[in-house]
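Residue numbers for the sequence shown follow the numbering used here, so the first one is 423 and each next one is one higher. Heads up: the structure comes next, in structure tokens.
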Amino acid sequence: MKKIIPFVLLAMLLPSFANAQKKQMMFGVAFYNLENLFDTIPNNPYGRDLEYTPGGDNHWDSRKYLSKIKNMSYAISQLKTDYTPEGPAVIGCSEVENLGVLQDLVAADAIKDWNLQIIHHDSPDRRGIDVSLLYNPKFFKPIHVTNHYLDIGYPTRDQMCVVGLLGGCRTAIIVNHWPSRRGGEVASSPGREKAAALTRHICDSLYQIDPNMGVVIMGDLNDDPYNKSVAEVIGAVKNISDCHEGGYFNPFWKKYDDGIGSYIYRGGWDLFDQIIVNYNLVKGLNGLTYKNCKVWNDIPALIQQEGQYKGYPLRTFSAGKWTNGYSDHLPTEIFLVRDL
Numbered sequence: 423m424k425k426i427i428p429f430v431l432l433a434m435l436l437p438s439f440a441n442a443q444k445k446q447m448m449f450g451v452a453f454y455n456l457e458n459l460f461d462t463i464p465n466n467p468y469g470r471d472l473e474y475t476p477g478g479d480n481h482w483d484s485r486k487y488l489s490k491i492k493n494m495s496y497a498i499s500q501l502k503t504d505y506t507p508e509g510p511a512v513i514g515c516s517e518v519e520n521l522g523v524l525q526d527l528v529a530a531d532a533i534k535d536w537n538l539q540i541i542h543h544d545s546p547d548r549r550g551i552d553v554s555l556l557y558n559p560k561f562f563k564p565i566h567v568t569n570h571y572l573d574i575g576y577p578t579r580d581q582m583c584v585v586g587l588l589g590g591c592r593t594a595i596i597v598n599h600w601p602s603r604r605g606g607e608v609a610s611s612p613g614r615e616k617a618a619a620l621t622r623h624i625c626d627s628l629y630q631i632d633p634n635m636g637v638v639i640m641g642d643l644n645d646d647p648y649n650k651s652v653a654e655v656i657g658a659v660k661n662i663s664d665c666h667e668g669g670y671f672n673p674f675w676k677k678y679d680d681g682i683g684s685y686i687y688r689g690g691w692d693l694f695d696q697i698i699v700n701y702n703l704v705k706g707l708n709g710l711t712y713k714n715c716k717v718w719n720d721i722p723a724l725i726q727q728e729g730q731y732k733g734y735p736l737r738t739f740s741a742g743k744w745t746n747g748y749s750d751h752l753p754t755e756i757f758l759v760r761d762l
């Protein structure tokens, strides 16, 4: 027995030693609804941005705008982990008025050293808000950008699809801001189901180009993970073991089941800000593999610390008063790894 034990121990140690030598690189893929990031200039043809002007209801002047830029850049600067010390590789954004506000955002002191680049497109949305993508050129290199019109009977946000190399791996990122629940959840649901169908159509087209492409669907979906638009039309499943070839996995569904949300309405948390991955990212078929996800609810500055709305996201305005906050939504993020 004395001669056998060393060989048994060696056999037990070899797998862990091999794993210790395995090197991986992690990439963060984040989404953040920036809550009405408007400049102070009235330039919406529908006049829907007048409240965000000096003479409008919000008295939106340079002081408030620059404070908003400072706050949002600080929030983004906090989206760092031990494995992603330079922040997310890409950040999808919604509720931005134009390219100019994004240029001011990425030039702000808190994140200017990240050298974030911008992909933006003016949507026909009647409120004048768009989706966009910020990316760190160290980690993501865009190849092709398309924008897709959503026909629901009134002007709304286009869906942006950016195909690029994330950590050298071919990946498509679809940035969404689906129609709101104005008029009630049930009455407005068909608009979000149409949005989901458009997203799924984009995904199907991507598979025709490259069956092994990684696909990330992100955005403020204005629905929770269990709603028809996400669970049925997209077909994003709760359990990773149920994600099969050609399918989609929604890692935020279990977060929602655990009572974690990104947006709160009348005291109840919703998780509208979701990031969904396709089967190829579950299985690492494009070189990247889904690792985990996070709702950034542990950044104290983003949370109301006192008063009637204690525990809510600290938004820019509350009950018509300027609170000098951040957003009514919290950022979300997934993490993908690549073996080196």
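Even glycine gets a Cβ: it sits at the ideal position worked out from N, Cα and C.
Beta-ladder partner(s) of residue i, from DSSP
i, result
"P564", "G586"
"V704", "According to DSSP, V704 bridges with nothing at all."
"T754", "F453 and V717"
"V553", "Note: V553 sits in no beta bridge, so no partner."
"G690", "Y687"
"I541", "L555"
"W744", "F739"
"G636", "T593"
"Q696", "G641"
"S495", "Answer by DSSP bridge pairing: none, since S495 is not bridged."
"H570", "Q581"
"V759", "M448 and T711"
"V518", "L459 and D552"
"I725", "P735"
"N598", "G641"
"I513", "A452 and L556"
Alpha carbon of residue i to alpha carbon of residue j, nearest angstrom
i, j, result
"H445", "D761", "Strictly speaking, residue 445 in this sequence is Lys, with His absent from that position. Between K445 and D761, the C-alpha separation is close to 6 Å."
"R548", "Y576", "8 Å"
"R470", "L501", "31 Å"
"E615", "P633", "25 Å"
"K367", "V584", "Since the displayed the chain opens at 423 and closes at 762, residue 367 lies outside it and no answer follows."
"H543", "N569", "8 Å"
"A658", "A619", "13 Å"
"S438", "Y678", "Since pLDDT at S438 reaches only 47, below the 50 mark, its modelled position is unreliable, and no value is offered."
"N672", "G477", "43 Å"
"N644", "A594", "22 Å"
"I540", "K676", "32 Å"
"I639", "I656", "10 Å"
"N719", "Y557", "22 Å"
"N598", "Q727", "30 Å"
"Q630", "I565", "17 Å"
"T578", "D642", "13 Å"
"F674", "S610", "22 Å"
"S499", "I756", "16 Å"
"W536", "V523", "17 Å"
"V512", "A497", "15 Å"
"V652", "H623", "14 Å"
"V451", "N465", "32 Å"
"G514", "L587", "16 Å"
"S554", "V567", "11 Å"
"I463", "N661", "46 Å"
"K743", "P546", "29 Å"
Residue nearest to residue i in terms of C-alpha spacing, selected from the options
i, options, result
"K560", "L628, R603, L538 and P546", "L538"
"V608", "G590, P633, I631 and D646", "D646"
"G747", "K486, G450 and T462", "K486"
"Q730", "R688, N466, I565 and W600", "R688"
"Q581", "K743, G709, Y571 and G590", "Y571"
"Y670", "I631, W691 and Q696", "Q696"
"K771", "H751, L643, I491 and S610", "No answer is possible for residue 771: it lies beyond the span of the chain, which begins at 423 and ends at 762."
"L710", "F562, E728, P753 and S602", "F562"
"P601", "G613, G590, V637 and C591", "G613"
"D479", "A741, V717, L555 and P507", "A741"
"G690", "Y734, C715 and N661", "Y734"
"V717", "E654, A529 and D680", "D680"
"H573", "N598, A617 and C625", "A quick correction: the sequence has Asp, not His, at residue 573. The option with the nearest alpha carbon to D573 is A617."
"C591", "N708, Q525 and C715", "N708"
"N493", "P464, T503 and L456", "L456"
"Y505", "K713, K660, H751 and H481", "K713"
"D626", "G605, R604 and I596", "I596"
"S749", "Y454, L527 and D483", "Y454"
"V759", "T738, G636, K660 and E654", "G636"
"L459", "S484, N661 and G605", "S484"
"G589", "H751, N465, K743 and M448", "M448"
"D461", "K660, P546, S545 and G550", "G550"
"E508", "L488, L527 and A532", "A532"
"Q525", "P510, L488 and T503", "L488"
Any non-hydrogen atom of the ligand ADP within 7 Å of residue i CB
i, result
"P673", "The ligand content of the structure shown is nil, which means the ligand ADP is not present either."
- Would you call the segment 515 to 530 and the segment 698 to 716 in contact, with 3 or more CB pairs under 8 Å? Result no; under three Cβ-Cβ pairs closer than 8 Å.
*asked:* Would you call the segment 702 to 721 in contact with the segment 656 to 672, where contact means no fewer than 3 C-beta pairs closer than 8 Å?
replied: yes
Q. Does the segment 669 to 689 come close enough to the segment 721 to 728 that 3 or more CB-CB pairs lie under 8 Å?
A. no
Residue ranges of each beta strand (DSSP E) run of no fewer than 3 residues wholly in the segment 602 to 677, ordered along the chain? 636 to 642
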